[in-house]
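*Asks:*
Number of protein chains: 2
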Amino acid sequence: MPSQSPKIAFAGLGAMGYGMAAHLVRSGYAVTGFDVYQPALDRFLKEGKAASAAKTPKEAVHDADVFICMVATSVQATPLLFDAESGAVQGLKANATIIMCSTVAPAYIDELQSRLKGAGRSDLRLIDSPVSGGAGRAADGTLSIFASGAKEDVEIARVVLQCMSGKLYEIPGGLGGGSNAKMIHQVFAGIHIAMANEAMGLAAAAGLDTREVFEKLKGSEASSWMFENRVPPMLDAGLGRYSAITIIAKDVGIITQTARTHHFPLPLLATAEQLYLAALTQGWGPEDDCVLVRLYLPPSQPHLVATQAGHSSSNNNNNNPSAIHHNVTWETIRDIMIAVHMAAITEAMRFCEVVDVDVELMYDIVANAAGNSKVFGACFHGMKGMGWRVEGVEGGGEVVGRLVSLIFFFFFTPLSSCCISLFRSLFPYLTF
Amino acid sequence: MPSQSPKIAFAGLGAMGYGMAAHLVRSGYAVTGFDVYQPALDRFLKEGKAASAAKTPKEAVHDADVFICMVATSVQATPLLFDAESGAVQGLKANATIIMCSTVAPAYIDELQSRLKGAGRSDLRLIDSPVSGGAGRAADGTLSIFASGAKEDVEIARVVLQCMSGKLYEIPGGLGGGSNAKMIHQVFAGIHIAMANEAMGLAAAAGLDTREVFEKLKGSEASSWMFENRVPPMLDAGLGRYSAITIIAKDVGIITQTARTHHFPLPLLATAEQLYLAALTQGWGPEDDCVLVRLYLPPSQPHLVATQAGHSSSNNNNNNPSAIHHNVTWETIRDIMIAVHMAAITEAMRFCEVVDVDVELMYDIVANAAGNSKVFGACFHGMKGMGWRVEGVEGGGEVVGRLVSLIFFFFFTPLSSCCISLFRSLFPYLTF
Numbered sequence: 000m001p002s003q004s005p006k007i008a009f010a011g012l013g014a015m016g017y018g019m020a021a022h023l024v025r026s027g028y029a030v031t032g033f034d035v036y037q038p039a040l041d042r043f044l045k046e047g048k049a050a051s052a053a054k055t056p057k058e059a060v061h062d063a064d065v066f067i068c069m070v071a072t073s074v075q076a077t078p079l080l081f082d083a084e085s086g087a088v089q090g091l092k093a094n095a096t097i098i099m100c101s102t103v104a105p106a107y108i109d110e111l112q113s114r115l116k117g118a119g120r121s122d123l124r125l126i127d128s129p130v131s132g133g134a135g136r137a138a139d140g141t142l143s144i145f146a147s148g149a150k151e152d153v154e155i156a157r158v159v160l161q162c163m164s165g166k167l168y169e170i171p172g173g174l175g176g177g178s179n180a181k182m183i184h185q186v187f188a189g190i191h192i193a194m195a196n197e198a199m200g201l202a203a204a205a206g207l208d209t210r211e212v213f214e215k216l217k218g219s220e221a222s223s224w225m226f227e228n229r230v231p232p233m234l235d236a237g238l239g240r241y242s243a244i245t246i247i248a249k250d251v252g253i254i255t256q257t258a259r260t261h262h263f264p265l266p267l268l269a270t271a272e273q274l275y276l277a278a279l280t281q282g283w284g285p286e287d288d289c290v291l292v293r294l295y296l297p298p299s300q301p302h303l304v305a306t307q308a309g310h311s312s313s314n315n316n317n318n319n320p321s322a323i324h325h326n327v328t329w330e331t332i333r334d335i336m337i338a339v340h341m342a343a344i345t346e347a348m349r350f351c352e353v354v355d356v357d358v359e360l361m362y363d364i365v366a367n368a369a370g371n372s373k374v375f376g377a378c379f380h381g382m383k384g385m386g387w388r389v390e391g392v393e394g395g396g397e398v399v400g401r402l403v404s405l406i407f408f409f410f411f412t413p414l415s416s417c418c419i420s421l422f423r424s425l426f427p428y429l430t431f
Numbered sequence: 000m001p002s003q004s005p006k007i008a009f010a011g012l013g014a015m016g017y018g019m020a021a022h023l024v025r026s027g028y029a030v031t032g033f034d035v036y037q038p039a040l041d042r043f044l045k046e047g048k049a050a051s052a053a054k055t056p057k058e059a060v061h062d063a064d065v066f067i068c069m070v071a072t073s074v075q076a077t078p079l080l081f082d083a084e085s086g087a088v089q090g091l092k093a094n095a096t097i098i099m100c101s102t103v104a105p106a107y108i109d110e111l112q113s114r115l116k117g118a119g120r121s122d123l124r125l126i127d128s129p130v131s132g133g134a135g136r137a138a139d140g141t142l143s144i145f146a147s148g149a150k151e152d153v154e155i156a157r158v159v160l161q162c163m164s165g166k167l168y169e170i171p172g173g174l175g176g177g178s179n180a181k182m183i184h185q186v187f188a189g190i191h192i193a194m195a196n197e198a199m200g201l202a203a204a205a206g207l208d209t210r211e212v213f214e215k216l217k218g219s220e221a222s223s224w225m226f227e228n229r230v231p232p233m234l235d236a237g238l239g240r241y242s243a244i245t246i247i248a249k250d251v252g253i254i255t256q257t258a259r260t261h262h263f264p265l266p267l268l269a270t271a272e273q274l275y276l277a278a279l280t281q282g283w284g285p286e287d288d289c290v291l292v293r294l295y296l297p298p299s300q301p302h303l304v305a306t307q308a309g310h311s312s313s314n315n316n317n318n319n320p321s322a323i324h325h326n327v328t329w330e331t332i333r334d335i336m337i338a339v340h341m342a343a344i345t346e347a348m349r350f351c352e353v354v355d356v357d358v359e360l361m362y363d364i365v366a367n368a369a370g371n372s373k374v375f376g377a378c379f380h381g382m383k384g385m386g387w388r389v390e391g392v393e394g395g396g397e398v399v400g401r402l403v404s405l406i407f408f409f410f411f412t413p414l415s416s417c418c419i420s421l422f423r424s425l426f427p428y429l430t431f
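So the sequence lines, in the order shown, correspond to chains A and B.
Quick note, the first sequence lines up with residues 0 to 431 if you use numbering that gives the first Met the number 0.
Quick note, the second sequence lines up with residues 0 to 431 if you use numbering that gives the first Met the number 0.
1. Under 7 Å Cβ-Cβ, which residues of chain B neighbour residue 207(A)?
2. Report the partner residues of residue 168(A) according to the DSSP bridge assignment.
3. Apply the 10 Å Cβ neighbour rule to residue 382(A) and answer buried if 16 or more other Cβ atoms are within range, or exposed otherwise.
4. Does the distance from the C-beta atom of residue 173(A) to that of residue 368(A) stay below 8 Å?
5. Please compile the residues from chain B whose C-beta is within a distance smaller than 7 Å of the C-beta of residue 280(A).
6. For residue 329(A), I'd like the list of residues in its chain whose CB is within less than 6 Å of its CB, leaving aside the five on either flank, ordered along the chain.
7. For residue 12(A), does the count of other Cβ atoms within 10 angstroms reach 16, so buried, or fall short, so exposed?
8. Just to make sure I have the definition right: I need the residues of chain B whose C-beta is within less than 8 Å of the C-beta of residue 384(A). Which are they?
9. Could you tell me the alpha carbon to alpha carbon distance between residue 94(B) and residue 28(B), rounded to whole angstroms?
10. Give, in chain order, every unbroken run of the alpha helix (DSSP H) that is at least 4 residues long and sits entirely within the segment 1–70 of chain B.
11. Let me confirm a value: residue 143(A) is counted as buried when at least 16 other C-beta atoms fall within 10 Å, else exposed. Which label applies?
12. Compile a chain-ordered list of the residues in the segment 238–256 of chain B whose CB is closer than 8 Å to at least one CB of chain A.
13. Is there at least one Cβ from chain B nearer than 8 Å to residue 272(A)'s Cβ?
14. Span of the alpha helix (DSSP H) holding residue 303(B)?
15. Do we get a CB-CB distance below 8 Å when we pair residue 259(A) with the residues of chain E?
16. DSSP three-state label for residue 208(B), please.
17. Does residue 368(A) come within less than 8 Å of chain B when only Cβ atoms are used?
18. Only counting runs of 3 or more residues, tell me where the beta strand (DSSP E) segments fall wholly within the segment 74–109 of chain A, in order along the chain.
19. Leaving aside the five residues before and after residue 349(A) along the sequence, list all residues of the same chain whose C-beta is less than 6 Å from its C-beta, in chain order.
20. Does the ligand PLP have a heavy atom nearer than 7 Å to the CB of residue 85(A)?
21. Taking 8 Å as the CB-CB limit, is residue 188(B) close to chain A?
22. So residue 124(B) is in the alpha helix (DSSP H); what residue range does that whole segment cover?
23. Below 8 Å, can you find three or more Cβ-Cβ pairs linking the segment 190–203 of chain B to the segment 335–354 of chain B?
24. Comparing the C-beta of residue 276(A) with each C-beta of chain B, is any distance below 8 Å?
25. Are the C-beta of residue 269(A) and some C-beta of chain B separated by less than 8 Å?
26. Please name the residue, chosen from 57(B), 365(B), 126(B) and 137(B), that lies closest to residue 241(B) on a Cα-to-Cα basis.
27. Report yes if the CB atom of residue 104(A) is closer than 8 Å to the CB atom of residue 68(A), and no otherwise.
28. Would a C-beta distance cut-off of 8 Å place residue 287(A) and residue 232(A) closer than the cut-off?
29. Whole-angstrom Cβ separation of residue 72(B) and residue 249(B), contact assumed at under 8 Å?
30. Report yes if the CB atom of residue 309(A) is closer than 8 Å to the CB atom of residue 152(A), and no otherwise.
31. On a Cα-Cα basis, can you pick out the residue from 277(A), 168(A) and 100(A) that is closest to residue 65(A)?
32. Using beta-carbon positions only, say whether residue 225(A) and residue 304(A) come within less than 8 Å of one another.
33. Rounded to whole angstroms, what's the CA-CA distance from residue 26(B) to residue 147(B)? Just pull it up for me.
34. State the beta-bridge partners of residue 372(B) as determined by DSSP.
35. Enumerate in chain order the residues of its own chain whose CB-to-CB distance from residue 376(B) is below 8 Å, with the five nearest sequence positions on each side excluded.
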């Protein structure tokens with residue numbers, strides 16, 4: 000039980016938010032929950048006597064010291080906060096604290112500040128405080144939290160933030176810093192999730208034993224947190240829920256949109272985003288993001304990664320099986336993953352400098368969170384010393400050299416590469 | 000001289016806008032110009048007695064029947080229209096017409112309507128009317144114009160729209176239709192400009208005679224309007240100005256952002272956008288968009304396309320010259336262009352259906368404008384009959400088959416392809 004016990008209102012009892020709110024109740028806080036989904040509220044009431052439920056955001060906050068917003072998007076957050084009849088800002092008492100935990104664009108944090116001022120509520124303390132770590136760590140109170148705002152405001156919110164976090168990072172520079180740090184972290188997350196899917200799709204389509212490939216890659220320098228987390232449910236169906244395509248698609252969209260305003264290219268992340276959008280167009284939005292692997296498989300064999308776990312196949316659906324067997328091995332996929340992870344460091348860390356987040360702080364955040372990879376740990380400082388170029392990586396040139404030797408187009412031809420890849424794809428609108 | 004002569008106010012005397020405004024003066028209209036760049040106004044005053052200049056948008060519109068907005072972006076348009084002191088909306092007389100010719104997001108047209116209502120100016124007639132054709136056709140009054148809005152409003156604006164246009168398209172469905180049609184057209188423009196640059200970069204880097212390759216491609220089924228328009232200034236410096244990188248980067252950004260809200264993938268256009276952003280990061284924004292070819296060339300040889308015009312070279316800067324000479328011929332580049340142009344049709348026309356613009360109307364627009372290609376004319380109707388799949392194209396499968404045989408990765412591996420391409424690139428932050 001904390002020594003001081005601010006009363007908490009909590010909006011957004013989804014996969015992450017529910018765990019966070021329930022953990023606060025279990026830690027002794029009085030928490031009033033709000034969600035548009037009634038079953039989530041009913042379940043929340045069973046968490047204990049300190050858990051209560053409200054019918055509107057305004058009602059939820061009426062005696063709250065702290066209002067935590069953990070809805071999925073800024074589109075949901077705006078009416079939650081500012082609706083003229085039922086919005087939280089209408090009901091919050093003077094000098095209360097709003098902790099914005101939703102992942103939103105850094106520009107939205109600026110917008111929130113302006114709107115609070117416009118609503119005559121400059122008294123409210125705003126903390127920009129996105130989180131990372133998934134539903135499990137949310138429920139355990141061991142999230143990574145990236146808090147930014149006025150120093151005295153963060154101080155007031157600290158006890159609540161600490162209760163929810165295993166790692167509490169205070170991002171300097173005022174409001175927006177937290178969202179910028181989360182954004183850089185999600186550059187890694189967005190690329191690594193897609194890479195995990197592409198790696199296993201390639202292994203399955205090449206007729207390899209997918210379980211053996213997974214184990215070998217996991218034990219190699221090509222592994223990443225996302226790879227180890229996302230591949231097991233592809234190999235064995237029913238290993239539980241992770242995170243919906245809609246979530247990573249939304250996060251990545253925030254990043255590419257923000258990068259555009261900075262006139263900054265993120266080619267790998269932009270490619271990954273197109274894969275997420277293709278999955279949304281397929282109607283897979285609510286499914287786990289490891290469903291992305293189906294984009295790489297024949298529509299008739301959506302479970303090929305699972306069916307080929309434990310044995311290789313000489314029968315695959317590709318047009319040219321002989322060439323596959325000659326060429327794609329687990330080492331090929333390893334080299335691809337290492338190269339993509341190195342390129343992700345370049346993209347993310349150069350963008351990190353553009354948005355002015357401290358690079359060593361970012362190292363600490365990524366190395367301890369879902370954006371981590373073995374390449375990140377091994378190459379970060381070498382690449383930093385070379386302006387984020389691959390020259391700084393011992394052996395990096397050899398990996399890339401092996402990759403380049405595999406392809407005919409050793410020129411820089413992104414449009415051609417994209418097109419050729421598309422024409423080989425199983426996008427329903429581009430097949431032969 | 001038109002039989003009816005509405006008084007016109009014209010904001011935005013840039014490359015396109017100046018020509019449009021000057022043509023209106025030459026056609027007998029009284030036009031009051033406004034621009035933040037004084038030399039443009041000074042020049043405009045010399046166009047004739049009917050040309051006048053104003054110091055603010057509000058002053059420009061004080062006796063105008065029609066206000067034409069041709070500034071570069073919605074960020075410029077908003078204060079121009081709505082500034083509390085000097086905005087045009089403050090000064091326009093009752094029932095006047097606003098013709099929005101700037102290329103803006105379809106969502107911005109909705110926002111304009113709301114803002115006009117919010118400002119108590121629902122009396123003003125709004126026409127969503129983007130244009131296409133470049134500075135030359137602007138000055139000649141032969142632009143393609145895509146007008147949408149309430150029927151009676153378009154009728155009132157018709158005489159002015161016709162004066163500026165060679166092809167006046169009325170897009171049905173009310174406001175936003177014009178911007179949607181322009182957006183679909185720019186999918187082609189954004190891909191074809193990048194493709195023209197990639198084709199000539201590849202030719203130069205492969206040591207081919209770039210002028211010979213250009214002539215052969217121009218005469219082949221691979222040619223496009225953009226290819227014929229953009230390549231000559233790469234071959235012979237000083238052939239005049241076309242269009243700045245900033246313009247196409249802005250247009251493409253509008254499209255990928257709008258496609259994201261529709262959860263629709265545009266992988267080729269997204270790849271092209273990253274090239275435009277890379278060029279902006281290089282500081283090339285104000286330069287012609289054919290400067291993009293430099294991304295494909297060694298930094299020490301930015302003019303390689305021009306220096307290799309008229310003779311091939313056995314000396315090139317690639318690491319593996321022997322492989323180049325064995326493999327890249329003008330026919331390789333032809334096949335790439337045909338494949339990219341086919342994929343562009345798929346992307347653009349499926350998106351056209353999503354935003355609900357009539358596909359046959361779109362055919363007419365593109366076939367007569369800068370988005371045209373020989374593949375477009377040859378393949379459009381066959382692909383339409385097959386749901387925009389390449390199966391509808393006679394010989395299409397063979398072109399793609401030849402391409403696929405060139406590459407090792409015959410799987411669908413966009414992330415790997417992008418990465419491999421990046422590692423071969425001359426992006427300063429990814430070179431070896």
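Ideal placement from N, C-alpha and C gives every residue a C-beta, glycine not left out.
*Replies:* Reading off the structure:
1. Residue mapping note: residue 207(A) aligns to position 208 of the first sequence, counting from 1. Those do not exist, as residue 207(A) stays about 12 Å from chain B at its closest Cβ, beyond 7 Å.
2. Position 169 of the first sequence, counting from 1, holds the residue named residue 168(A). BP columns for residue 168(A) point to 145(A).
3. Here residue 382(A) refers to the residue found at position 383 when the first sequence is read from its first residue. Residue 382(A) is buried by the Cβ-count criterion.
4. Here residue 173(A) corresponds to residue number 174 of the first sequence, with the count starting at 1. Here residue 368(A) corresponds to residue number 369 of the first sequence, with the count starting at 1. Residue 368(A) sits away from residue 173(A), with the two beta carbons spaced by 8 Å or more.
5. Against the first sequence, residue 280(A) aligns to sequence position 281. Against chain B, a Cβ distance below 7 Å from residue 280(A) picks out 262, 263 and 264.
6. Taking the first residue of the first sequence as position 1, residue 329(A) is located at position 330. The residues are 212 and 215.
7. For the purposes of this step, residue 12(A) is taken as residue 13 along the first sequence, with counting starting at 1. Result: buried.
8. Position 385 of the first sequence, counted from the start, is the residue given in the question as residue 384(A). Chain B residues near residue 384(A): none, gap ~14 Å exceeds 8 Å.
9. In the second sequence, the residue the question calls residue 94(B) occupies position 95. In the second sequence, the residue the question calls residue 28(B) occupies position 29. One C-alpha to the other measures close to 19 Å.
10. The alpha helix (DSSP H) runs lying completely inside the segment 1–70 of chain B and spanning 4 residues or more are 14–25, 37–44 and 56–59, given in chain order.
11. The residue labelled residue 143(A) in the question sits at position 144 within the first sequence. The residue is buried, with at least 16 neighbouring Cβ atoms inside 10 Å.
12. Listed by position, the residues of the segment 238–256 of chain B near chain A (Cβ gap below 8 Å) are 248, 252, 255 and 256.
13. By one-based count along the first sequence, residue 272(A) stands at place 273. Closer than 8 Å: yes.
14. Along the second sequence, one-based indexing puts residue 303(B) at 304. Per DSSP, the unbroken alpha helix (DSSP H) holding residue 303(B) starts and ends at 303–306.
15. Chain labels in this structure do not include chain E; the protein chains are A and B.
16. As a first step, residue 208(B) must be located in the second sequence, where it is residue number 209. It is coil, neither helix nor strand.
17. Indexing the first sequence from 1 puts residue 368(A) at position 369. Answer no: the Cβ-Cβ gap between residue 368(A) and chain B never drops below 8 Å.
18. Counting only runs of 3 or more, we get 96–99.
19. Within the first sequence, numbered from 1, the residue matching residue 349(A) stands at position 350. For residue 349(A), where only same-chain residues beyond five positions count, the Cβ hits under 6 Å are 387.
20. Within the structure as shown, the ligand PLP is missing, as the structure has no ligands at all.
21. Numbered from its first residue, the second sequence carries residue 188(B) at position 189. Not one chain A Cβ lies under 8 Å of residue 188(B).
22. Here residue 124(B) is taken as the residue at index 125 of the second sequence, counted from 1. For residue 124(B), there is no enclosing alpha helix (DSSP H); the enclosing beta strand (DSSP E) covers residues 124–127.
23. Yes: the two stretches touch, three or more of their Cβ pairs being nearer than 8 Å.
24. Numbered from 1 along the first sequence, position 277 holds the residue referred to as residue 276(A). By this cut-off, residue 276(A) is an interface position.
25. Walking along the first sequence from the start, residue 269(A) turns up at place 270. Cβ-Cβ to chain B under 8 Å: yes for residue 269(A).
26. Counted from its first residue, the second sequence places residue 241(B) at position 242. Residue 241(B) has its Cα closest to that of 137(B), out of 57(B), 365(B), 126(B) and 137(B).
27. By 1-based counting over the first sequence, the position of residue 104(A) is 105. By 1-based counting over the first sequence, the position of residue 68(A) is 69. Contact check for residue 104(A) against residue 68(A) fails: the beta carbons are separated by 8 Å or more.
28. As a position in the first sequence, residue 287(A) is number 288, starting the count at 1. As a position in the first sequence, residue 232(A) is number 233, starting the count at 1. Yes, Cβ-Cβ distance for residue 287(A) and residue 232(A) is below 8 Å.
29. Sequence index remark: in the second sequence, residue 72(B) carries index 73 (1-based). Sequence index remark: in the second sequence, residue 249(B) carries index 250 (1-based). A Cβ-Cβ separation of about 6 Å places residue 72(B) in contact with residue 249(B) under the 8 Å criterion.
30. Locating residue 309(A) in the first sequence gives position 310, where the first residue counts as 1. Locating residue 152(A) in the first sequence gives position 153, where the first residue counts as 1. For residue 309(A) and residue 152(A), no; Cβs fall outside 8 Å.
31. Along the first sequence, read from residue 1 onward, the residue named residue 65(A) stands at position 66. Among 277(A), 168(A) and 100(A), the Cα nearest to that of residue 65(A) belongs to 100(A).
32. Taking the first residue of the first sequence as 1, we reach residue 225(A) at position 226. Taking the first residue of the first sequence as 1, we reach residue 304(A) at position 305. Taking 8 Å as the cut-off, the Cβ atoms of residue 225(A) and residue 304(A) do not count as close.
33. Indexing the second sequence from 1 puts residue 26(B) at position 27. Indexing the second sequence from 1 puts residue 147(B) at position 148. C-alpha of residue 26(B) to C-alpha of residue 147(B): approximately 24 Å in a straight line.
34. The sequence position of residue 372(B) within the second sequence is 373, counting from 1. In DSSP, residue 372(B) forms a bridge with 223(B).
35. Working through the second sequence from its first residue, we reach residue 376(B) at position 377. Cβ within range, chain order: 366.
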